[in-house]
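In this note's numbering, the protein residues as written are 79 to 220. Input: a single structure, listed below in structure tokens.
Here's what the structure looks like:
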């Protein structure tokens, strides 16, 4: 017991030791529980959101790749007209590159795939996303 002078009446009163710590302990426990619940909620939200972000990224990469293949196919058709190339024949890369803004080297699959130009009349292909006629949405699942 500790003796303390009362501020209101001036009398000396005895206060048991440790009488303020239980409130502090409860406060710490409440803060810890709130922290754990907060971490759990953030983890749950991340578990829900991350797959959606990955799917959106894969879809955007596939769409960019398909657009590149369309530009390559268009350049191939323009080269065929200019150089009188028949259907089914290979179109030289330098002739295709002539009709692609920035050259054929500027067209790269954003996911790291490699383009195959293919003969005239066939669609170009990407090693990851397939052809523009039958694209593969998720790289690596071909």
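Think of the CB as a built atom: it goes at the ideal place given N, C-alpha and C, for glycine as much as any other residue.
Could you give the DSSP three-state label for residue 176: helix, strand or coil? The sequence position of residue 176 within the chain shown is 98, counting from 1. Looking at residue 176 - three-state DSSP - the assignment turns out to be coil, as it is neither helix nor strand.
Once DSSP output is grouped into helix, strand and coil, what is the label at residue 82? Walking along the chain shown from the start, residue 82 turns up at place 4. The answer is strand: DSSP assigns residue 82 an E or B state.
Residue 129, buried or exposed, once every other Cβ within 10 Å from all chains shown has been counted against 16: Looking up residue 129 in the chain shown gives position 51. Answer is exposed; the Cβ neighbour count stays below 16.
Closest by CA to residue 201, which one among 153, 101, 83? Sequence index remark: in the chain shown, residue 201 carries index 123 (1-based). The option with the nearest alpha carbon to residue 201 is 153.
The segment 143-150 contacting the segment 185-205, beta-carbon criterion three pairs below 8 Å: yes
First and last residue of the uninterrupted beta strand (DSSP E) at residue 93: Against the chain shown, residue 93 aligns to sequence position 15. Segment 90-93, the beta strand (DSSP E) holding residue 93.
Give the DSSP-derived three-state secondary structure of residue 143 in the structure shown. Reading the chain shown from its first residue, position 65 is the one you call residue 143. Reduced to three states, the DSSP call for residue 143 is helix.
Helix, strand or coil for residue 101, going by three-state DSSP, please let me know. Mapped onto the chain shown, residue 101 falls at position 23. The three-state secondary structure of residue 101, taken from DSSP, is helix.
Within 10 angstroms of the Cβ of residue 131, are there 16 or more other Cβ atoms? Answer buried if so, exposed if not. In the chain shown, residue 131 corresponds to position 53, counting from 1. Its Cβ having fewer than 16 others within 10 Å, residue 131 is exposed.
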